[in-house]
Amino acid sequence: MVEVHLWSGLRALTGGLEVVEVEATDTGEMLRALTRAHPQLQAPIDAGVSVTINGRVIASGLTEPIPDGAEVYLMQRIRGG
277 MVEVHLWSGL
287 RALTGGLEVV
297 EVEATDTGEM
307 LRALTRAHPQ
317 LQAPIDAGVS
327 VTINGRVIAS
337 GLTEPIPDGA
347 EVYLMQRIRG
357 G
């Protein structure tokens with residue numbers, strides 16, 4: 277199981293949960309599992325989110341492996357400027 281920490285703006289879409297547990301081995305599976313568990317998350321995920329694993333922002337798309345016990349955060353999309 278992966279514990280995904282959500283930014284505050286998403287918590288209203290998960291019944292107030294700050295952390296959601298899903299079965300996933302990579303970032304793509306994690307996002308799909310989140311939307312299966314909480315369909316209301318689909319729109320913000322489709323709009324674009326950033327994922328961090330153990331403090332590292334993942335920029336490699338949907339195939340980044342999630343190690344056991346990793347600290348995972350789903351955040352608003354981080355954009356350069």
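Numbering follows this note's numbering, with no gaps: position 21 of the sequence shown is 297. Beta carbons are placed, not taken as given, at the ideal position from N, Cα and C, and that holds for glycine. Given the structure is predicted, the values throughout are model-derived calculations rather than measurements.
Secondary structure note for residue 299: it is in no alpha helix (DSSP H), with a DSSP letter that is neither H nor E. Residue 331 has its alpha-carbon roughly 24 Å from the corresponding atom of residue 289. Secondary structure of residue 343 (DSSP, three-state): coil. Our two residues, residue 333 and residue 325, have alpha carbons roughly 11 Å apart in a direct line.
Boundaries of the alpha helix (DSSP H) around residue 284: 284-287.
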